[in-house]
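Engineer: In my numbering, the protein residues as written are 97 to 439. Positions of the beta carbon are idealized from the N, C-alpha and C atoms, including for glycine.
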Amino acid sequence: MSIYADIEKTLGDFHLKVELEAENEVLSLLGASGCGKSMTLKCIAGIVRPDRGRIVVDGRTLFDSEKRIDLSPQQRRTGLMFQNYALFPNMTVLQNIRAGARRERDAAAREEKVRDIMDSFGLSELAAHYPRQLSGGQQQRTALARLLVSAPDILLLDEPFSALDSHLRFRLERELAEVIRDFGRTVILVSHDRDEVFRLSDKIAVMNEGGIETCGEKKAVFARPATRSAAILTGCKNISPIEKLGPRRLLALDWGMELETAEDIGEARYLGIRMHDLCFGPGENAFLCRLVSETENPFSYTLMFARGSAGPVGLETDKGTWERLRCGETYIRLPPEKCVLLK
């Protein structure tokens, strides 16, 4: 199943303007709270009506402001799972899932679908339980089963792990990955967790202030996030404004370092470099720096180094490397091919 959406929506001072497309893949909307991720899902699902635009799923128009097409949420066949799962509190697990199968007119076929999906999600023994009697993971599985029994054309997942602790998130993320694989159609996932979207996604769209700043295959987006805010959202900790000195030479103003880049600087205004891409030792773009701070993590060290009186740059390394090298001053190298140019 494919989806194409080109929509705009204004609510007060906030303006959403989004264009996206995906086909039989997982597209994640990555962004900070309030950037418009959830509103985008609600517009696709028909809960919020865009002011302008088109939404088309597998050639079927769900919304078109010019042609005055606006299908109801029930007609759209989109499976939207909210952050809180939105289970009916006065219904059992069986009744909640049965409610998702209401499109099936044949009673016997409906009950067979409900029982099959409850078996596949390991919910059969919980059939008589109410949502308040379920764990967070059981609630999520019930919500997913209710969505999938309705045979949606696409899945829309709004922060599916936000209400779970870290241990449960890890286990349920693997379960969700299996559900997505078996679903085999387009999934749009909303999250502000960069590691989560990297593990689950095929494609990532980084959102900021109501728009998509960059979109592409997940590895490409992490390698070249294009904008400062996208770099921050994908976990880049070292970002400095720059002064352009030549086509491929710049001054990183925060760090007081003149650097060569592997690509033309163009109109870039910032330089980003990920902490794990910094190296020890001499070479191109190497500077003698003093250790400013050392923070021990469970399996690595986060080190801050500075050149003279300039601001520090952060480096992350494994424990063995730093425990062998530990010193107050050393060469820090920023490889030209690891310099990320940002607008």
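Ala316 lies in the alpha helix (DSSP H); which residues open and close that run?
Structural biologist: What you label residue 316 is simply residue 220 of the sequence shown in a count that begins at 1. Taken as a continuous stretch (DSSP letters only), the alpha helix (DSSP H) holding Ala316 covers 314-319.
Engineer: Expressed to the nearest angstrom, what Euclidean distance is found between the alpha-carbon atoms of Ser389 and Asp350?
Structural biologist: Your numbering for residue 389 matches position 293 in the sequence shown. Your numbering for residue 350 matches position 254 in the sequence shown. Answer to the nearest angstrom: the Cα atoms are 17 Å apart.
Engineer: Is Pro432 helix, strand or coil by DSSP?
Structural biologist: Working through the sequence shown from its first residue, we reach residue 432 at position 336. Helix at Pro432.
Engineer: Counting along the chain, where does the alpha helix (DSSP H) carrying Pro169 start and finish?
Structural biologist: As a working note, residue 169 is residue 73 in the sequence shown. Pro169 -> alpha helix (DSSP H) spans 169-172.
Engineer: Taking the alpha carbon of Cys375 as the point to measure from, which residue in Pro256, Thr238, Arg429, Leu244 has its own alpha carbon closest?
Structural biologist: Counted from its first residue, the sequence shown places residue 375 at position 279. Residue Arg429 is the option with its Cα nearest to Cys375.
Engineer: Got a sec, what are the start and stop residues for the alpha helix (DSSP H) Ser325 sits in?
Structural biologist: In the sequence shown, residue 325 corresponds to position 229, counting from 1. Start and end: 324-329.
Engineer: Within the same chain, show all residues whose beta-carbon is closer than 8 Å to that of Met214, passing over the 5 residues directly before and after it, in chain order.
Structural biologist: Start at 1 with the first residue of the sequence shown, and residue 214 comes out as number 118. The answer, listed in chain order, is Val189, Leu190, Ile193, Ser220, Ala223, Ala241.
Engineer: Quick check: the Cα distance between Pro185 and Ser98, rounded to an integer number of angstroms?
Structural biologist: The residue you call residue 185 lines up with position 89 of the sequence shown. The residue you call residue 98 lines up with position 2 of the sequence shown. Taking the straight line joining both Cα atoms gives about 34 Å.
Engineer: Is there contact between the segment 117-133 and the segment 277-295, where contact requires at least three CB pairs shorter than 8 Å?
Structural biologist: Yes: the two stretches touch, three or more of their Cβ pairs being nearer than 8 Å.
Engineer: Between the Cα of Ala406 and those of Lys105, Arg386, Arg211, spot the shortest distance and give me the residue it belongs to.
Structural biologist: Working through the sequence shown from its first residue, we reach residue 406 at position 310. The option with the nearest alpha carbon to Ala406 is Arg386.
Engineer: Which same chain residues end up closer than 6 Å to Gly196 when comparing Cβ atoms and leaving out the 5 residues on each side of it in sequence?
Structural biologist: Here residue 196 refers to the residue found at position 100 when the sequence shown is read from its first residue. Cβ within range, chain order: Arg242, Val245, Ser246.
Engineer: Taking only runs of the alpha helix (DSSP H) that begin and end inside the segment 107-192, which ones reach a length of at least 4 residues, in chain order?
Structural biologist: 133-141, 169-172
Engineer: Does the Cβ of Glu392 have 16 or more other Cβ atoms within 10 Å, making it buried, or fewer, making it exposed?
Structural biologist: Translated into positions along the sequence shown, residue 392 becomes position 296. With fewer than 16 other Cβ atoms within 10 Å, it is exposed.
Engineer: Between Val144 and the rest of its own chain, which residues show a CB-CB distance below 8 Å, the 5 nearest in sequence each way excluded?
Structural biologist: Taking the first residue of the sequence shown as position 1, residue 144 is located at position 48. Excluding residues within five positions, the ones whose Cβ falls inside 8 Å are Lys105, Met135, Lys138.
Engineer: List the residues that DSSP assigns as beta-bridge partners of Glu339.
Structural biologist: Taking the first residue of the sequence shown as 1, we reach residue 339 at position 243. Paired residues: Leu347.
Engineer: Pick out the complete alpha helix (DSSP H) segments inside the segment 225-272, 4 residues or longer, and give them in chain order.
Structural biologist: 232-244
Engineer: Tell me which residues share the same chain as Val152 and place their Cβ nearer than 6 Å to its Cβ, disregarding the 5 neighbours each side in the sequence.
Structural biologist: Taking the first residue of the sequence shown as position 1, residue 152 is located at position 56. Around Val152: Tyr100.
Engineer: Could you tell me whether the segment 364-378 touches the segment 333-349, using the rule of 3 or more Cβ pairs below 8 Å?
Structural biologist: yes
Engineer: How is Thr357 classed by DSSP in three states: helix, strand or coil?
Structural biologist: Within the sequence shown, the letter at position 261 stands for residue 357. Correct three-state label for Thr357: coil.
Engineer: Where do the N-terminal and C-terminal ends of the alpha helix (DSSP H) with Phe383 fall, by residue?
Structural biologist: Position 287 of the sequence shown, counted from the first residue, corresponds to residue 383. Not the alpha helix (DSSP H): Phe383 falls in the beta strand (DSSP E), residues 382-392.
Engineer: Beta-carbon within less than 8 Å of His111's beta-carbon, same chain only, minus the 5 sequence neighbours each way: which residues are those?
Structural biologist: Counting from 1 along the sequence shown, the entry for residue 111 is found at position 15. These residues qualify, in order along the chain: Glu104, Lys105, Gly306.
Engineer: Note down, in chain order, each residue of its chain lying with its Cβ closer than 8 Å to the Cβ of Ser168, except the 5 sequence neighbours on either side.
Structural biologist: Stepping through the sequence shown from its first residue, residue 168 is reached at position 72. Taken in chain order, the residues that qualify are Gly142.
Engineer: Whose C-alpha, out of Gly155, Gln179, Ile276, is nearest the C-alpha of Gly232?
Structural biologist: Stepping through the sequence shown from its first residue, residue 232 is reached at position 136. Checked all of Gly155, Gln179, Ile276; the closest Cα to Gly232 is Gln179.
Engineer: Just grab the DSSP bridge partners of Ala301 for me.
Structural biologist: Translated into the one-based positions of the sequence shown, residue 301 becomes position 205. Its beta-bridge partners are Leu125, Cys311.
Engineer: Once you ignore the five residues that flank Pro256 on each side, which residues in its own chain have a CB closer than 7 Å to its CB?
Structural biologist: On the sequence shown, residue 256 is found 160 positions in, with the first residue counted as 1. Cβ neighbours of Pro256 within its own chain (closer than 7 Å, five residues either side excluded): Met177, Gln236, Leu272.
Engineer: Assuming Gly411 and Asn381 form a contact by the criterion Cβ under 8 Å, report the distance between their Cβ atoms to the nearest whole angstrom.
Structural biologist: On the sequence shown, position 315 is the one that residue 411 refers to. On the sequence shown, position 285 is the one that residue 381 refers to. The question names Gly, yet the displayed sequence has Leu at residue 411. About 13 Å separates the two Cβ atoms, so there is no contact after all.
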